[in-house]
Structure formats: C-alpha cells, structure tokens
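First the structure, in the form of structure tokens, and then the observations on it.
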Amino acid sequence: MDLNVDVLYLTANNRSTNIVYFNDTKIINDSLYPFLNKICLNELTTYNGRIEAIRLVYNIHKFIPIYINQNIILQPLYQKRSWNQTFVNICNIKEVKKDRLNSLIIFKNNLQLIAEVPYLKLKQYIEKCKFIQKDQLNKITERNILLWQRKILET
C-alpha cells in the first residue's frame with residue numbers, strides 16, 4: 077500500500093488505519109505505526125529513521141512530522157499513545173480556524189476536521205512543516221543543479 081498526494085489524514089483504530097483521501101476513505105488492516113513504517117520503507121528508510129532524522133536536522137523533539145515527500149508531510153496532532161492518534165497531511169490543508177478550544181482544519185476539497193489542538197499550536201505545526209518542505213525543496217534543487225553542472229563538464 078502506498079499513499080498518494082490526495083491523502084488528507086490518517087487516523088488510528090484498534091487494529092486498522094483509516095486513510096481519508098480527497099474523494100475516498102480506505103481502511104487498512106494494519107495499525108497506524110506499522111503502516112507508517114511500510115510507507116517509509118517505500119522511500120528506503122524506516123519510520124524511526126525518519127523521526128530521528130527530522131529530530132536531528134531540524135531540532136524538533138515533540139510532535140515530530142514525517143516527511144514522506146514534497147506532497148506528503150504527515151503531522152501528528154496528538155501524543156503517540158493517544159487513543160485518537162491522527163496524522164494530517166499539511167500539504168492539503170487550505171486553512172485553519174479557531175473553534176472554541178479546538179481548531180477546525182479545512183482541507184483543499186473543503187472537507188473539515190475538528191482537532192482537539194489549540195489553534196496557535198496547530199499553526200506552529202503547520203509553519204514547522206512548511207519550513208521543512210521549503211528546505212527540502214531547496215536541497216533537491218541544489219542537488220539537481222550540481223548534477224547538471226557535472227553533466228555539462230563531462231561533455
């Protein structure tokens with residue numbers, strides 16, 4: 077199983093994972109963290125490897141996002157052991173609104189998700205993920221430029 081760019085969020089069930097896409101919802105017969113590990117293995121790393129890399133490179137120690145690629149950055153909303161663990165793909169969030177003590181996440185397809193997370197905290201999560209996304213894009217661009225320069229020199 078692979079995630080595609082249309083993923084909005086993932087939620088944990090007892091022994092399965094709900095994956096909500098733009099126009100579909102799928103239930104995977106795998107708990108959330110083993111499923112995330114399989115997704116990371118598709119990118120030639122492990123879930124723990126991704127977490128450790130983000131922790132070391134970006135100095136983030138709590139609520140560490142999982143960078144899969146430029147279009148999928150999964151931000152956990154709750155503590156790892158929380159019964160309602162949810163990861164949102166920040167790349168598909170259109171806006172976030174304050175909703176009393178909670179936050180209302182509005183995705184690009186106008187689907188809404190109420191998160192039991194303070195509005196300012198959620199905004200911090202999104203800003204942190206956007207920074208990682210931009211930084212990774214810059215690194216990819218720099219690598220591509222170096223590769224093109226090498227090819228030009230070789231010819």
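The working numbering applies: residue 77 is where the sequence shown begins, and numbers increase by one. Glycine included, every Cβ here is placed at the ideal spot set by N, Cα and C.
- DSSP lists V164 as the bridge partner or partners of Q151.
- Looking at the DSSP output, S92 bridges to nothing.
- A distance below 8 Å between beta-carbons, with the five flanking residues on each side excluded, links P141 to the following residues of its chain, in chain order: I130, I149, L150, Q151, P152, I166, Y201, K204, C205 and I208.
- Judged by DSSP in its simplified three-state form, V193 adopts coil rather than helix or strand.
- Residue pairing by DSSP puts N178 in a beta bridge opposite D175.
- Nearest neighbour of Y143 by Cα position, chosen from E192, L79 and R226, turns out to be L79.
- Between T87 and D106, the CB-CB gap reaches or exceeds 8 Å.
- With a 10 Å radius around the Cβ and a threshold of 16 neighbouring Cβ atoms, R219 comes out exposed.
- Burial is judged here by how many other beta carbons sit within 10 angstroms of a residue's own beta carbon; L198 has at least 16 and is buried.
- In the structure shown, N99 adopts coil according to DSSP, grouped into three states.
- DSSP places N145 inside the beta strand (DSSP E), whose first and last residues are I142 to N145.
- Annotated three-state conformation of V81 is coil, per DSSP.
- Taking C-beta separations shorter than 7 Å and ignoring five residues to either side along the sequence, the partners of V81 in its chain run N147 and I148, following chain order.
- For R131, the uninterrupted alpha helix (DSSP H) run begins and ends at Y123 to Y134, by DSSP.
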